[in-house]
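Protein chains: 2
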Amino acid sequence: MNKNPIGIFDSGIGGLTIAKEIRKILPKEDIIYLGDTARLPYGTKSIEAIIKFSTENAQFLISRGAKFIVIACYSSSSVALDIVQKRFSVPVIGVIKPGVKKALELTKTAKIGVIGTTLTIYSGAYEKAFKKLNKQCEVLGRACPLFVSLVEEGWFDHPATELIAETYLKPLKEDNIDTLLLGCTHFPLLIGVIKKIMGDINYVDAAREVGVELVQELKKLNLENDQGNGNISIYLTDLSMNFKEIGERFLGEPLKSVSRVSLKGT
Amino acid sequence: MNKNPIGIFDSGIGGLTIAKEIRKILPKEDIIYLGDTARLPYGTKSIEAIIKFSTENAQFLISRGAKFIVIACYSSSSVALDIVQKRFSVPVIGVIKPGVKKALELTKTAKIGVIGTTLTIYSGAYEKAFKKLNKQCEVLGRACPLFVSLVEEGWFDHPATELIAETYLKPLKEDNIDTLLLGCTHFPLLIGVIKKIMGDINYVDAAREVGVELVQELKKLNLENDQGNGNISIYLTDLSMNFKEIGERFLGEPLKSVSRVSLKGT
Chain X
8 MNKNPIGIFD SGIGGLTIAK EIRKILPKED IIYLGDTARL PYGTKSIEAI
58 IKFSTENAQF LISRGAKFIV IACYSSSSVA LDIVQKRFSV PVIGVIKPGV
108 KKALELTKTA KIGVIGTTLT IYSGAYEKAF KKLNKQCEVL GRACPLFVSL
158 VEEGWFDHPA TELIAETYLK PLKEDNIDTL LLGCTHFPLL IGVIKKIMGD
208 INYVDAAREV GVELVQELKK LNLENDQGNG NISIYLTDLS MNFKEIGERF
258 LGEPLKSVSR VSLKGT
Chain E
8 MNKNPIGIFD SGIGGLTIAK EIRKILPKED IIYLGDTARL PYGTKSIEAI
58 IKFSTENAQF LISRGAKFIV IACYSSSSVA LDIVQKRFSV PVIGVIKPGV
108 KKALELTKTA KIGVIGTTLT IYSGAYEKAF KKLNKQCEVL GRACPLFVSL
158 VEEGWFDHPA TELIAETYLK PLKEDNIDTL LLGCTHFPLL IGVIKKIMGD
208 INYVDAAREV GVELVQELKK LNLENDQGNG NISIYLTDLS MNFKEIGERF
258 LGEPLKSVSR VSLKGT
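Note that the protein sequences, when read in sequence, are chains X and E.
Offset between the first sequence (1-based) and the numbering used here: plus 7.
Offset between the second sequence (1-based) and the numbering used here: plus 7.
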């Protein structure tokens with residue numbers, strides 16, 4: 008039992024989809040969420056930069072009492088998880104492994120596709136995670152950087168979105184994958200157009216799986232709190248014009264407590 | 008006469024298109040270019056954040072001896088120019104006014120369109136600049152945020168690019184503008200698809216106009232250098248995977264001297 012909050016960070020507000028799933032599965036836990044909106048996106052920047060930003064984010068959450076840290080950003084989980092884990096004594100999980108486990112559970116042909124930002128795909132983090140659990144599976148990665156901007160523009164079913172999705176997904180379709188892992192917080196919002204192209208295969212959105220993993224870890228470490236109020240406090244390094252509207256779409260409920268915060272680097 | 012370099016800053020490497028024009032028109036001047044690639048893009052962030060970033064950028068250039076500062080970023084020029092001008096004693100120009108002057112020279116119907124990032128358009132900076140010089144003109148602004156990502160992806164003539172351009176530009180086409188101002192460093196790279204939709208009207212890319220304004224200002228202030236080596240030193244706050252390739256496309260020549268720099272806020 009530990010009444011301190013769970014800390015979650017992301018490059019922006021997309022990680023609120025993960026906060027949403029955690030709130031469903033752990034309604035009594037308090038959450039402190041940090042979105043590094045001043046420096047987003049992470050997916051097109053260097054590994055060195057992401058490691059620096061991620062360490063600063065974790066440091067902030069710990070300074071606010073976080074008992075556990077969830078890295079909700081796929082780019083950050085791909086390249087900075089190990090380093091953040093080593094650097095701090097608070098337990099830290101990312102979003103890569105939970106999705107990989109689920110994909111391996113679902114696949115029958117062991118041909119799995121992964122889509123994500125340029126950084127996530129080129130880092131090879133997914134391939135490494137898959138091979139660690141199952142040497143026989145075949146993993147096909149595709150970077151889909153425009154998907155992030157399309158979601159931020161709210162163009163979920165614009166004809167251009169379909170054309171872009173066709174271009175990105177064609178090689179995965181031709182390779183007959185039977186399971187597709189959505190390796191970016193924004194991509195589940197494009198599931199309609201993705202399904203239209205990829206058809207009847209398995210889709211993995213790691214958000215729910217992260218919640219499951221978190222429950223197990225909290226139990227194992229005796230860090231659960233079943234007497235909290237289920238509050239969520241949101242900190243953003245920049246308050247852009249339409250963060251509230253987009254944030255509420257991701258969290259699925261009104262953003263009540265939002266503060267602007269200046270980290271060392273923002 | 009002043010042998011110090013001209014300082015140019017942008018949120019990223021798109022401003023190298025402006026450096027390129029300045030190098031053409033002032034081949035003997037040394038240039039120091041700062042791209043804030045760790046925090047790009049600026050066009051989707053808050054005015055407050057852009058002012059902070061812009062001030063830090065100018066501070067860096069001045070600390071390296073800049074005799075004159077050109078803000079090559081349209082978002083930053085839209086919301087931070089006045090403040091940077093007041094804050095420092097070095098003269099500072101932006102990219103808004105030079106383009107506005109040129110558009111007013113070219114238009115016959117006084118119906119002018121402006122496209123830019125969300126921040127540039129919603130700031131109203133262009134409208135204000137137009138009205139200051141000509142109260143009678145009609146200015147129609149359209150935010151085209153996806154254009155930036157399309158250029159960064161290199162999709163200059165993808166069918167999706169055309170569809171997106173059609174959606175963004177339709178209201179300008181219907182309003183029969185006779186002059187279109189490209190209010191973002193990235194947009195001139197999409198001129199092919201833009202012309203296909205907008206047809207035979209006037210197009211203004213401020214890059215060249217900024218060079219003209221700079222020549223006049225340097226002369227007026229007696230800051231010219233006609234004995235320099237025409238060196239360009241490039242500083243970036245992050246070195247992302249493909250910065251070299253994209254940067255050379257923008258500058259139109261090899262990037263020789265590139266350094267990574269940490270500003271206070273990156």
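Quick reminder that beta carbons are idealized off the backbone N, C-alpha and C, glycines included.
Note that the coordinates shown come from a computational prediction; the quantities given were computed from them, not determined experimentally.
Any chain E beta carbon closer than 8 Å to Pro-166 of chain X | Closer than 8 Å: yes.
Separation of Gly-42 of chain X from Lys-52 of chain E, as counted between CA atoms | Answer to the nearest angstrom: the Cα atoms are 13 Å apart.
Assess, as a yes-or-no matter, whether the region 252 to 260 of chain X is touched by the region 44 to 60 of chain E under the definition of 3 or more beta carbon pairs within less than 8 Å.
-> The way I'd put it, the region 44 to 60 of chain E doesn't touch the region 252 to 260 of chain X; fewer than three beta-carbon pairs between them come closer than 8 Å.
Nearest chain E C-beta to Thr-125 of chain X closer than 8 Å, yes or no?
-> Output row for Thr-125 of chain X: interface = yes.
Extent of the continuous beta strand (DSSP E) to which Asn-209 of chain E belongs | Element bounds for Asn-209 of chain E: 209 to 212.
Endpoints, the beta strand (DSSP E) within which Val-121 of chain E is located = Val-121 of chain E -> beta strand (DSSP E) spans 118 to 123.
Using beta-carbon positions only, say whether Leu-187 of chain X and Ile-208 of chain X come within less than 8 Å of one another.
-> Taking 8 Å as the cut-off, the beta carbon of Leu-187 of chain X is found closer than this to the beta carbon of Ile-208 of chain X.
Please confirm if Ile-25 of chain E has its CB atom under 8 Å from at least one CB of chain X.
-> It does not; no Cβ of chain X falls within 8 Å.
When we look at the beta-carbon of Asn-64 of chain X and count the other beta-carbons within 10 Å, is it buried (16 or more) or exposed?
-> Under this definition Asn-64 of chain X is a buried residue.
Can you name the start and end residues of the beta strand (DSSP E) that Gly-22 of chain E belongs to?
-> Taken as a continuous stretch (DSSP letters only), Gly-22 of chain E belongs to no beta strand (DSSP E), as it is neither H nor E.
So, helix, strand or coil for Val-4 of chain E, using DSSP?
-> Given a span of 8 to 273 for chain E in the structure shown, any question on residue 4 of chain E remains unanswerable.
Would you report the Cα separation of Gly-190 of chain X and Glu-181 of chain X, rounded to the nearest angstrom?
-> The straight-line gap from Cα to Cα measures roughly 20 Å.
Can you list, in chain order, the residues of its chain whose CB lies under 7 Å from that of Asp-17 of chain X, leaving out five sequence neighbours each side?
-> Sequence-distant partners of Asp-17 of chain X (beyond 5 residues in either direction) whose C-beta falls short of 7 Å from its own C-beta, in its chain, are Gly-42, Ala-79, Cys-80 and Thr-192.
Identity of the residues DSSP links to Thr-186 of chain E by a beta bridge = Answer is E:Ile-119 and E:Asn-209, bridged to Thr-186 of chain E.
Hey, quick one: how far does the beta strand (DSSP E) through Gly-42 of chain E stretch, first residue to last?
-> Residue range 38 to 42 is occupied by the beta strand (DSSP E) that includes Gly-42 of chain E.
Cα separation between Ile-29 of chain E and Lys-74 of chain E?
-> Roughly 15 Å between the two C-alpha positions.
Using a Cβ-Cβ cut-off of 8 Å, state whether Tyr-129 of chain E counts as contacting chain X.
-> Interface residue, yes.
Measure the alpha-carbon distance for Val-200 of chain X versus Ala-132 of chain X and round it to whole angstroms.
-> The alpha-carbon atoms of Val-200 of chain X and Ala-132 of chain X are separated by roughly 26 Å.
Anyone know if the C-beta pair for Leu-258 of chain E and Lys-27 of chain E falls short of 8 Å?
-> Contact flag set, yes.
Which value, in whole angstroms, describes the spacing of the CA atoms of Ile-15 of chain E and Leu-126 of chain E?
-> Here the alpha carbons of Leu-126 of chain E and Ile-15 of chain E stand approximately 20 Å from one another.
Report the partner residues of Tyr-242 of chain E according to the DSSP bridge assignment.
-> Per DSSP, the beta-bridge partners of Tyr-242 of chain E are E:Leu-41 and E:Ser-266.
Collapsed DSSP secondary structure at Arg-149 of chain X in the structure displayed | Three-state result, Arg-149 of chain X: strand.
Since Ile-54 of chain X and Val-86 of chain X are thought to touch, with beta carbons under 8 Å apart, how far apart are those beta carbons, to the nearest angstrom?
-> A Cβ-Cβ distance of about 5 Å is found for the pair Ile-54 of chain X and Val-86 of chain X, placing them in contact under the 8 Å criterion.
Secondary structure at Gly-14 of chain X, three-state DSSP: helix, strand or coil?
-> Three-state result, Gly-14 of chain X: strand.
Buried or exposed by the 16-neighbour rule on C-beta atoms within 10 Å, applied to Pro-152 of chain X = Buried, because 16 or more other Cβ atoms sit within 10 Å of the Cβ of Pro-152 of chain X.
Validate contact between the region 115 to 124 of chain X and the region 218 to 232 of chain X using beta carbons, cut 8 Å, 3 pairs | Short answer: they don't touch.
Status (buried if at least 16 other CB within 10 Å, exposed otherwise) for Met-205 of chain E | Around the CB of Met-205 of chain E, 16 or more other CB atoms lie within 10 Å, so the residue is classed as buried.
For the candidate residues E:Gly-161, E:Glu-160, E:Ile-184 and E:Phe-154, whose alpha-carbon lies nearest to that of Leu-170 of chain E?
-> When only C-alpha atoms are compared, the closest one is E:Phe-154.
Hey, how far is the Cα of Ile-20 of chain E from the Cα of Glu-224 of chain X?
-> CA-CA distance, Ile-20 of chain E to Glu-224 of chain X, rounds to 43 Å.
What do you get for Gly-237 of chain X, buried or exposed, if any count of 16 or more other CB atoms within 10 angstroms of its CB means buried?
-> Gly-237 of chain X comes out exposed.
Flag Ala-45 of chain X as yes if its beta-carbon sits less than 8 Å from any beta-carbon of chain E, otherwise no.
-> Closer than 8 Å: yes.
Three-state class that DSSP yields for Ser-217 of chain E in the structure shown | For the sequence presented, residue 217 of chain E should be read as Val rather than Ser. Helix.
Since I believe Ser-70 of chain E is in contact with Tyr-49 of chain E (beta carbons under 8 Å), could you give me their beta-carbon distance rounded to a whole number of angstroms?
-> Distance from Tyr-49 of chain E to Ser-70 of chain E at the Cβ level is roughly 21 Å; contact not present, criterion being Cβ atoms closer than 8 Å.
Of all the residues that make up the region 132 to 163 of chain E, which are near chain X by a beta-carbon distance shorter than 9 Å?
-> Under the 9 Å Cβ criterion, the region 132 to 163 of chain E contributes Pro-152, Leu-153, Val-155, Ser-156, Leu-157, Glu-159, Glu-160 and Trp-162.
Along chain X, in chain order, which residues have C-beta atoms closer than 7 Å to that of Ile-171 of chain E?
-> Residues of chain X whose Cβ lies closer than 7 Å to the Cβ of Ile-171 of chain E are, in chain order, Ala-167.
Apply the 10 Å Cβ neighbour rule to Ser-84 of chain E and answer buried if 16 or more other Cβ atoms are within range, or exposed otherwise.
-> Within 10 angstroms of the beta-carbon of Ser-84 of chain E lie 16 or more other beta-carbons, which makes it buried.
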